[in-house]
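Peer 1: In the working numbering, the protein residues as written are 1 to 291.
Quick one: this structure, given as structure tokens, is what I'll be asking you about.
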């Protein structure tokens, strides 16, 4: 008994081990945050040099000369991303509902597997597919083709996150809707979706953050434009394309500064979308919480 007692670690030793593990976790956390902090620091420092109100509202100028803005790229990013959301959110949510609520057996497994495989397809392959499907059919590049490519990138993310959210709907809510003989579509619309609205919005935000910075699919679909183009059926620029275009001329200081300013603008757009998405999710989940 005495030998076994001496083999047990003392309280001081256990406390030292706890502090060691805590210190290692803190160091790991700092190592994980450091690259993000460095990227944001350089982004703000370099992007602020050309990030002015004129940059946000004026069309582009000569690539090698100072001046010029990204109004055409900002408008194109908002148009294509907005249309991609209109396509991917209803489809992705419907896929999740089909898999979770209607439980189609083997077919649901096939759908889930297809969504997982789609999430792993490189974005450039999606761009090439939409090029063959839409661009060649239409006979020209367009913002519409770019939006469809972005929607295919968003779709698996929205579908998988929505599926996980619908799985955690409390069982008592499901039983309550059944006890009230509530039609399934009404239970989904008025009970399930408001209950997991915050999680659904998180999936949408993640999907937008993943797709809004894609360049390769847009090179095959929307191609880019040097003009403000409100017509979604015509070639259209976007912030990633604008950054790429200026990066090709990065030897010129003006082009380098515009590339950094476009990157800063893209990050700010994603941040604003996150804030608005969280606010909408909170508003949508309040009625469910009160009930």
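C-beta atoms are modelled at their ideal positions from N, C-alpha and C, and glycine is treated no differently.
Do you know how far the Cα of residue 101 is from the Cα of residue 171?
Peer 2: Within the chain shown, residue 171 is the residue found at index 171, counting from 1. Within the chain shown, residue 101 is the residue found at index 101, counting from 1. Cα to Cα, residue 171 sits roughly 12 Å from residue 101.
Peer 1: Give every residue of the same chain whose Cβ lies closer than 8 Å to the Cβ of residue 202, excluding the five residues on either side of it in the sequence, and list them in chain order.
Peer 2: Counted from its first residue, the chain shown places residue 202 at position 202. Excluding residues within five positions, the ones whose Cβ falls inside 8 Å are 161, 277, 281.
Peer 1: Whole angstroms are fine: how far does the CA of residue 14 sit from the CA of residue 1?
Peer 2: Start at 1 with the first residue of the chain shown, and residue 1 comes out as number 1. Start at 1 with the first residue of the chain shown, and residue 14 comes out as number 14. With a pLDDT of 47 at residue 1, under the threshold of 50, the modelled position of that residue is not reliable, and the figure given next carries that caveat. When rounded, the distance between both Cα atoms is 21 Å.
Peer 1: Going straight from the alpha carbon of residue 208 to that of residue 40, what length do you get?
Peer 2: Along the chain shown, read from residue 1 onward, the residue named residue 208 stands at position 208. Along the chain shown, read from residue 1 onward, the residue named residue 40 stands at position 40. Approximately 19 Å, taken between the alpha carbons.
Peer 1: Tell me whether the beta-carbon of residue 76 lies closer than 8 Å to the beta-carbon of residue 236.
Peer 2: Counted from its first residue, the chain shown places residue 76 at position 76. Counted from its first residue, the chain shown places residue 236 at position 236. In contact: residue 76 and residue 236 (Cβ atoms closer than 8 Å).
Peer 1: Can you tell me which of the three DSSP states residue 274 falls into?
Peer 2: In the chain shown, residue 274 corresponds to position 274, counting from 1. The answer is helix: DSSP assigns residue 274 an H, G or I state.
Peer 1: Closest to residue 146 by CA distance: which of 129, 26, 63 is it?
Peer 2: By one-based count along the chain shown, residue 146 stands at place 146. Residue 129 is the option with its Cα nearest to residue 146.
Peer 1: From residue 149 to residue 271, what does the alpha carbon distance come to, in whole angstroms?
Peer 2: As a first step, residue 149 must be located in the chain shown, where it is residue number 149. As a first step, residue 271 must be located in the chain shown, where it is residue number 271. Distance between the alpha carbons of residue 149 and residue 271 is about 22 Å.
Peer 1: Just to confirm, is the Cβ distance from residue 71 to residue 59 under 8 Å?
Peer 2: Taking the first residue of the chain shown as 1, we reach residue 71 at position 71. Taking the first residue of the chain shown as 1, we reach residue 59 at position 59. Yes.
Peer 1: Helix, strand or coil for residue 139? Go by DSSP, reduced to three states.
Peer 2: Mapped onto the chain shown, residue 139 falls at position 139. Of the three classes helix, strand and coil, the one that applies to residue 139 here is coil, per DSSP.
Peer 1: From the beta carbon of residue 116, is the nearest beta carbon of chain D less than 8 Å away?
Peer 2: Among the chains of the structure shown, chain D does not appear; only one protein chain is present.
Peer 1: Report all residues from its chain with a CB closer than 7 Å to the CB of residue 47; omit the five preceding and five following residues, and keep chain order.
Peer 2: The residue labelled residue 47 in the question sits at position 47 within the chain shown. Hits under 7 Å: 260, 261, 263, 264.
Peer 1: With DSSP run on the structure shown, which of helix, strand or coil describes residue 62?
Peer 2: What you label residue 62 is simply residue 62 of the chain shown in a count that begins at 1. Coil at residue 62, not helix or strand.
Peer 1: Below 8 Å, how does it come out for the region 61-71 and the region 243-254: are there three or more Cβ pairs, yes or no?
Peer 2: These segments touch.
Peer 1: Between the alpha carbons of residue 163 and residue 26, how many angstroms are there, rounded?
Peer 2: As a position in the chain shown, residue 163 is number 163, starting the count at 1. As a position in the chain shown, residue 26 is number 26, starting the count at 1. Computed Cα separation, rounded: 33 Å.
Peer 1: When we look at the beta-carbon of residue 214 and count the other beta-carbons within 10 Å, is it buried (16 or more) or exposed?
Peer 2: In the chain shown, the residue the question calls residue 214 occupies position 214. Counting Cβ neighbours within 10 Å, residue 214 comes out buried, since at least 16 surround it.
Peer 1: Whole angstroms is fine: what's the gap from residue 34's alpha carbon to residue 266's?
Peer 2: Reading the chain shown from its first residue, position 34 is the one you call residue 34. Reading the chain shown from its first residue, position 266 is the one you call residue 266. Looking at the two C-alpha atoms, the distance is approximately 21 Å.
Peer 1: Among 68, 189, 134, 181, which one has its Cα closest to the Cα of residue 292?
Peer 2: Only positions 1 to 291 of the chain appear in the structure, and residue 292 is not among them; the question remains open.
Peer 1: Give a single yes or no on whether residue 237 has its beta carbon closer than 7 Å to a heavy atom of the ligand HEM.
Peer 2: No copy of the ligand HEM occurs in the structure displayed, which carries no ligand at all.
Peer 1: Counting only runs of 4+ residues fully inside the region 162-193, write out the alpha helix (DSSP H) ranges in chain order.
Peer 2: Counting whole runs of 4 or more residues, the region 162-193 contains the alpha helix (DSSP H) stretches 171-179, 184-187.
Peer 1: Between residue 55 and the rest of its own chain, which residues show a CB-CB distance below 7 Å, the 5 nearest in sequence each way excluded?
Peer 2: On the chain shown, residue 55 is found 55 positions in, with the first residue counted as 1. Closer than 7 Å at Cβ, skipping near neighbours: 69, 70, 261.
Peer 1: Does the beta-carbon of residue 181 have 16 or more other beta-carbons within 10 angstroms, so that it is buried, or is it exposed?
Peer 2: Taking the chain shown and counting its residues from 1, the one referred to as residue 181 is at position 181. Label assigned to residue 181: exposed.
Peer 1: Extract the residue ranges of the alpha helix (DSSP H) inside the region 182-264, only unbroken runs of 4 or more that lie entirely within it.
Peer 2: Fully enclosed alpha helix (DSSP H) runs of 4 or longer: 184-187, 197-211, 216-221, 239-247.
Peer 1: When the Cα of residue 112 is compared with those of 125, 96, 248, which residue comes out closest?
Peer 2: Counting from 1 along the chain shown, the entry for residue 112 is found at position 112. When only C-alpha atoms are compared, the closest one is 96.
Peer 1: Does residue 5 come out as helix, strand or coil in the three-state DSSP assignment?
Peer 2: Numbered from 1 along the chain shown, position 5 holds the residue referred to as residue 5. In this predicted model, residue 5 has a pLDDT of only 48, less than 50, meaning its place in the structure is not dependable; the value taken from the coordinates is given anyway. Of the three classes helix, strand and coil, the one that applies to residue 5 here is helix, per DSSP.
Peer 1: Let's see if you can read the secondary structure: which residues bound the alpha helix (DSSP H) around residue 131?
Peer 2: Position 131 of the chain shown, counting from 1, holds the residue named residue 131. First-last for residue 131: undefined, no H or E at that position.
Peer 1: In whole angstroms, what separates the C-alpha of residue 21 from that of residue 29?
Peer 2: Along the chain shown, one-based indexing puts residue 21 at 21. Along the chain shown, one-based indexing puts residue 29 at 29. Their backbone Cα atoms lie some 12 Å apart in a straight line.
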